[in-house]
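**Student:**
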Amino acid sequence: MKDAAAARGEPVPFRSRARLASLEATGAEPKVPFALRHQPVLALAAADLVSPWRLEGACATLGRLILAGHPSRRGVPGAEVQAETVAVLRELFPAMGAVIDGTVWHVGPGGRTLARHVVLAGDDPVAVDAIALRLAGYRTREVSWLRLCAERDLGVVEPEQMRLVGHTALLDLDFALPEPTFARAAFPGFLGRLMSGRGNRPAGSPPGGPWGALYADLAAADRG
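To convert a position in the sequence shown, counted from 1, into my numbering, add 100.
Next comes the structure, spelled out in structure tokens:
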């Protein structure tokens with residue numbers, strides 16, 4: 101059956117060496133185009149922040165390649181499904197690169213567009229997604245699926261553990277002094293009111309630095 105599907109160019113089922121209980125509980129069956137099995141891949145993704153903590157970035161793009169869409173959670177924590185999907189990707193592909201086109205970000209269920217003119221790239225899709233979420237105002241260890249990936253050695257999520265190159269001057273303020281410049285999401289509301297993680301700045305007031313405009317636009321989208 102598998103050989104026949106491969107001959108027709110159809111995706112073939114893949115069974116992980118490990119038991120992935122959460123992914124199995126969704127009913128999803130990972131499949132991969134036969135020609136891509138055990139080949140290096142490069143994900144080209146958009147910066148879509150579709151809900152709090154959820155980025156449709158590099159890992160989500162690669163996940164759709166093997167899961168053919170979004171698996172039904174069926175009461176299973178979404179973070180577990182995402183982390184186990186990354187585990188399958190690590191088994192399938194010997195090397196994975198990722199590029200997130202953040203020239204325009206899409207924020208919220210309606211996909212409001214925000215021009216930000218930044219491109220993120222790296223050889224670890226988890227790390228690339230982590231940087232995108234960090235720039236959007238999230239502490240990476242507080243994002244459940246990123247924390248699980250870090251705990252299971254599926255990728256790096258802390259910027260200080262990465263080698264960052266390029267136009268990093270735009271990022272220095274956020275990375276070096278996160279307390280007053282970080283926007284942290286608190287509920288209710290789609291993105292909640294964005295406020296600093298610590299410090300004496302009034303709740304909801306914008307951070308300084310190059311990402312202050314992103315903070316203001318996200319807050320405006322939340323009010324809308």
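For every residue, glycine included, the Cβ atom is placed at its ideal position computed from N, Cα and C. Note that the structure is a prediction, hence the values are computed from the model and not measured.
Evaluate V219 with the Cβ neighbour count: other Cβ atoms within 10 Å of its Cβ, from every protein chain shown; 16 or more gives buried, anything less gives exposed.
**Tutor:** Counting Cβ neighbours within 10 Å, V219 comes out exposed, since fewer than 16 surround it.
**Student:** Could you tell me the boundaries of the alpha helix (DSSP H) in which D223 lies?
**Tutor:** First-last for D223: undefined, no H or E at that position.
**Student:** What runs of the alpha helix (DSSP H), each 4 residues or longer, lie entirely inside the region 173 to 210?
**Tutor:** For the region 173 to 210, whole alpha helix (DSSP H) runs of length 4 or above, ordered along the chain, are 178 to 192.
**Student:** For A168, which residues from the same chain have a beta carbon less than 8 Å from its beta carbon, with the 5 sequence-adjacent residues on both sides left out?
**Tutor:** Excluding sequence neighbours, A168 sits near P111, K131.
**Student:** Excluding the 5 residues flanking A179 on each side, which residues of the same chain have their C-beta closer than 7 Å to its C-beta?
**Tutor:** If we look at A179 and ignore the five residues flanking it on each side, its Cβ neighbours are S244, W245, L248.
**Student:** Here's a check: name, in chain order, each residue in its chain whose Cβ is nearer than 7 Å to the Cβ of D224, leaving out the five neighbours to either side.
**Tutor:** Closer than 7 Å at the Cβ level, and outside the excluded window around D224, lie G255, V256.
**Student:** From L192, T185, L144, pick the residue whose C-alpha is nearest to that of V199; which is it?
**Tutor:** The shortest Cα separation from V199 among L192, T185, L144 belongs to L144.
**Student:** Which residues in the same chain have their Cβ closer than 6 Å to the Cβ of R234, if we skip the five residues on either side of it in sequence?
**Tutor:** Closer than 6 Å at the Cβ level, and outside the excluded window around R234, lie T240.
**Student:** What does DSSP give as the partner residue(s) for D148 in the beta ladder?
**Tutor:** The partner list for D148 (beta bridge, DSSP) reads E156, H206.
**Student:** Which same chain residues, not among the five before or five after F193, have their C-beta less than 6 Å away from its C-beta?
**Tutor:** Only V141 meet the Cβ criterion.
**Student:** Just how far apart, CA to CA, sit G222 and G175?
**Tutor:** About 33 Å.
**Student:** Would DSSP call A215 helix, strand or coil?
**Tutor:** If DSSP states are grouped into helix, strand and coil, A215 belongs with the strands.
**Student:** Take the Cβ of L264 as the centre, count every other Cβ of all protein chains shown within 10 Å, and call the residue buried at 16 or more, exposed below.
**Tutor:** With fewer than 16 other Cβ atoms within 10 Å, it is exposed.
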